[in-house]
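**Q**
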Amino acid sequence: MRLVLFSFGIIYLVILLIFMGVINLQNKINGGIYRVNLNGSSPAEFTGDHPTLVIRTLKEDDIYLVVPLTTYTKEKMEKAKRKGFPHHIKSTNSIARIDKMQIVHKRNIKNRWKDNNVNLKIKKHELENVNVKVNNYIALSSGKTEKEYNKYIDQYDKTFKDFKDLYEGKAIEENMFNQQKDKEYICIECKRKAVHWLSFDDLIDISQQFYTSHNVEIQFSKGIISINIHEIS
């Protein structure tokens with residue numbers, strides 16, 4: 048009887064210490080595989096609950112990078128290689144879809160994913176290999192962003208200068224814009240490729256820096272961008 052009471056006492060003490068934070072167990076296993084609803088809303092995203100590898104971020108314990116897993120088949124792997132950035136995890140017979148990873152709060156991470164009623168785990172070297180792939184994917188994405196943003200800034204500056212020269216009536220031969228004279232409103236045109244790295248919002252923003260009291264409408268047809276500027280009546 049004393050032994051039973053002593054055992055219950057030990058269990059109670061352990062539970063109490065856990066709640067007090069003296070014994071600190073992991074709420075989420077960093078690198079573990081959990082059930083996560085990825086809330087996808089387009090064909091390019093995963094939808095519903097998926098086994099997902101979770102990676103806790105460096106400075107925010109509640110924020111995770113999550114990499115969805117899908118069952119491995121040779122056909123799936125070949126398709127993923129053509130369209131995405133996959134990695135085969137052999138111990139779980141799964142494909143880590145690194146190109147589909149998301150950033151989520153821990154509240155969106157549910158229970159551990161189980162296989163035959165046992166928590167699914169990958170091997171240490173497999174997590175290391177996934178991390179290498181994740182880092183490569185982020186580095187490649189960041190490098191692409193930098194290159195494209197540099198092109199955007201160069202093209203924005205050129206577009207702004209040419210628009211300003213046209214507005215001020217400077218006759219410059221290499222100006223990308225030309226103004227149509229036979230319309231009831233101001234119509235300024237250029238080739239689409241000349242502003243390829245810009246958005247419609249950029250063209251509207253540039254136009255309204257000069258035509259401050261006008262409505263601006265952008266149209267696109269047969270490789271030509273038309274900036275239609277209407278005076279507000």
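So for the sequence shown, the working numbering puts the first residue at 48; every next one is plus one. Note that beta-carbon positions come from the ideal geometry of N, C-alpha and C, so glycine has one too. Treat the numbers as computed from the prediction; the structure is a model and nothing was measured.
Using three-state DSSP, classify Asn287 as helix, strand or coil.
**A** The shown model of the chain, from 48 to 280, leaves out residue 287, and the question about it has no answer.
**Q** Nearest CA to the CA of Asn275: which residue from Trp244, His243, Cys237?
**A** Nearest option by C-alpha distance: Cys237.
**Q** On the premise that Asp109 lies in contact with Thr168, defined as a C-beta separation below 8 Å, what is that separation, rounded to the nearest angstrom?
**A** Per the sequence presented here, residue 168 reads as Lys, with Thr not at that position. Contact flag wrong, Cβ pair sits at about 23 Å.
**Q** Find the nearest neighbour of Trp160 within the set Phe267, Glu220, Leu245, Gly78, judged by alpha-carbon distance.
**A** Trp160 has its Cα closest to that of Gly78, out of Phe267, Glu220, Leu245, Gly78.
**Q** What does the alpha-carbon distance come out to for the pair Ile219 and Asp209?
**A** In a straight line, the C-alpha of Ile219 is about 8 Å away from that of Asp209.
**Q** Kindly list the residues whose CB is nearer than 7 Å to the CB of Tyr232, restricted to its own chain and excluding five residues on each side of it in sequence; keep chain order.
**A** Correct list, in chain order: Asn275, Ile276, His277.
**Q** Would the region 119-135 and the region 193-200 be scored as touching if the rule is three or more Cβ pairs under 8 Å?
**A** Contact fails: fewer than three Cβ-Cβ distances are below 8 Å.
**Q** Of the choices Gln266, Lys205, Val263, whose alpha-carbon is the least far from that of Leu241?
**A** For the sequence presented, residue 241 should be read as Ala rather than Leu. If we check each option's Cα against that of Ala241, Lys205 comes out closest.
**Q** Could you have a look at Asn222 and say whether DSSP puts it in helix, strand or coil?
**A** The answer is coil: DSSP assigns Asn222 none of H, G, I, E or B.
**Q** Can you tell me which of the three DSSP states Phe132 falls into?
**A** Phe132 falls in the coil class under three-state DSSP.
**Q** Suppose contacts are defined by Cβ-Cβ distances below 7 Å. Is Ile185 in contact with Val101 by that definition?
**A** For Ile185 and Val101, no; Cβs fall outside 7 Å.
**Q** When the Cα of Glu125 is compared with those of Gln227, Ile142, Pro115, which residue comes out closest?
**A** Ranking Gln227, Ile142, Pro115 by Cα distance to Glu125 puts Ile142 first.
**Q** Beta-carbon separation of Arg144 and Pro115 under 7 Å?
**A** It is a contact, given that the beta carbons lie within the stated cut-off.
**Q** Mind checking who Asp249 pairs with in its DSSP beta bridge?
**A** Bridge partners of Asp249: none, in fact.
**Q** May I ask you to list the residues that DSSP assigns as paired with Tyr81?
**A** Tyr81 is bridged to Thr99, Arg159.
**Q** CB His134 to CB Lys180, shorter than 7 Å?
**A** In contact: His134 and Lys180 (Cβ atoms closer than 7 Å).
**Q** Could you pull the DSSP bridge partners for Thr118 from this structure?
**A** DSSP output for Thr118 lists Ser141 as bridge partner(s).
**Q** How close, in whole Å, do the beta carbons of Phe23 and Ile271 come, if the pair is a contact with beta carbons under 8 Å?
**A** Residue coverage of the chain in this structure runs from 48 to 280, which leaves residue 23 outside it and unanswerable.
**Q** What is the DSSP secondary structure of Phe267, counted as helix, strand or coil?
**A** Phe267 falls in the strand class under three-state DSSP.
**Q** Going by DSSP, which residues form a beta bridge with Asn275?
**A** DSSP lists Cys234, Glu264 as partners of Asn275.
**Q** Applying the criterion that 16 or more other CB atoms from any shown protein chain within 10 Å of the CB defines a buried residue, is Ser280 buried or exposed?
**A** Label assigned to Ser280: exposed.
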